[in-house]
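**Q**
Residue numbers (the numbering used here): 840 to 1042.
(1) Could you spell out the range, first to last residue, of the beta strand (DSSP E) harbouring residue 912?
(2) On the CB-based measure, 16 or more other CB atoms within 10 Å of its CB, does residue 849 come out buried or exposed?
(3) When we look at the beta-carbon of residue 898 and count the other beta-carbons within 10 Å, is it buried (16 or more) or exposed?
(4) Starting from residue 1021, follow its DSSP beta bridges and name the residues at the other end.
(5) Under a Cβ-count criterion, where at least 16 other Cβ atoms within 10 Å of its own Cβ denotes burial, should residue 905 be classed as buried or exposed?
(6) Given a threshold of 16 other Cβ atoms within 10 Å of its Cβ, counted over all protein chains shown, does residue 952 qualify as buried or as exposed?
(7) Does residue 959 come out as helix, strand or coil in the three-state DSSP assignment?
(8) DSSP on residue 935, reduced to helix/strand/coil?
(9) Just confirm the distance between the C-beta atoms of residue 908 and residue 965, as a whole number of angstroms; I'd bet it's less than 8 Å.
(10) Looking at residue 958 and residue 987, is the spacing between their C-beta atoms short of 8 Å?
(11) Please list the terminal residues of the continuous alpha helix (DSSP H) segment that includes residue 870.
(12) Between which two residues does the alpha helix (DSSP H) containing residue 994 stretch?
(13) Under DSSP, the beta strand (DSSP E) around residue 883 begins and ends at which residues?
(14) Check residue 988 in the structure and name its three-state DSSP category.
(15) Would the region 965-976 and the region 992-1001 be scored as touching if the rule is three or more Cβ pairs under 8 Å?
(16) Going by other Cβ atoms of all chains shown within 10 Å of its Cβ, with 16 needed for buried, is residue 926 buried or exposed?
(17) Closer than 6 Å by C-beta to residue 884: which residues in its own chain qualify, once you throw out the five before and the five after it? Chain order, please.
(18) Bridge partners of residue 952, per DSSP?
(19) If you count every other CB in all the chains shown that lies within 10 Å of the CB of residue 872, and 16 or more means buried, which is it?
(20) Run the CB neighbour count on residue 888, radius 10 Å, all protein chains shown included, and call it buried at 16 or more, exposed below.
(21) If you drop the 5 nearest sequence neighbours on each side, which residues of the same chain put their C-beta closer than 6 Å to that of residue 989?
(22) Exposed or buried, which one is residue 977 when buried takes at least 16 other CB atoms within 10 Å?
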């Protein structure tokens, strides 16, 4: 999959099925960790190019929170990254729910426990999405230690590059949260995945 080439609808449909399996794994793992009934849905998925509209498809808000891990795999670009991106307000509400405390105001920094919770949330989501790729590729795909960034929208947007953008909706019991999963610098991995699915050469 070249970064300057459009993704065929059949390829995107196949990728959606693969990603849905990852979403199911993430929901199961989050449910076990938190004790909540968790569901994750994928309303939209697209291959994006980062240019002047670098934050296209990102959650709304002036500030964003991003948990990023490096992808470690035989077919991965050394620069490949998996990221969970949330609006700052959404991240605060999720942490408040998971820690059973009032959400922190946007003007307040996250404390150590809140940062650890966000990292673990991102780690579970990224590991679940990335891990299912390894299942279809037939070899291990691992991730590195998660890193957390909390900052202005454009600054966070500059940290990502062209790749697969997956809108990810979380449902914890009665509460719902919107986020975005981005797999950037992913051309090599997804070319290998499309080869494995027999969908590499579609016009």
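Beta carbons are placed, not taken as given, at the ideal position from N, Cα and C, and that holds for glycine.
**A** In terms of the structure at hand:
(1) It spans 902-912 - the beta strand (DSSP E) in which residue 912 sits, taken as one unbroken run.
(2) Answer is exposed; the Cβ neighbour count stays below 16.
(3) By the neighbour-count rule (16 or more Cβ atoms within 10 Å), residue 898 is buried.
(4) Note: residue 1021 sits in a beta bridge opposite 922 and 1004.
(5) Burial call: buried.
(6) Result: exposed.
(7) Residue 959 falls in the helix class under three-state DSSP.
(8) Residue 935: helix per DSSP, three-state reduction.
(9) The beta carbons of residue 908 and residue 965 sit about 5 Å from each other, so the pair counts as a contact at 8 Å.
(10) The answer is yes: Cβ separation under 8 Å.
(11) From DSSP, the alpha helix (DSSP H) with residue 870 extends over 848-873.
(12) Per DSSP, residue 994 belongs to the alpha helix (DSSP H) from 992-996.
(13) Membership of residue 883 in the beta strand (DSSP E) is indicated by the continuous run 877-887.
(14) Correct three-state label for residue 988: strand.
(15) These segments do not touch.
(16) So residue 926 counts as buried.
(17) Residues of the same chain with a CB within less than 6 Å of the CB of residue 884, apart from the 5 flanking positions on each side, are 855 and 1005 in chain order.
(18) According to DSSP, which records beta bridges pairwise, residue 952 is partnered with nothing at all.
(19) Under a 10 Å Cβ-count criterion, residue 872 is classified as exposed, with fewer than 16 other Cβ atoms of the shown protein chains found around its own Cβ.
(20) Counting other Cβ atoms within 10 Å of its Cβ, residue 888 stays below 16 and is therefore classed as exposed.
(21) Within the same chain, residue 989 has close Cβ partners 904.
(22) Classification for residue 977: exposed.
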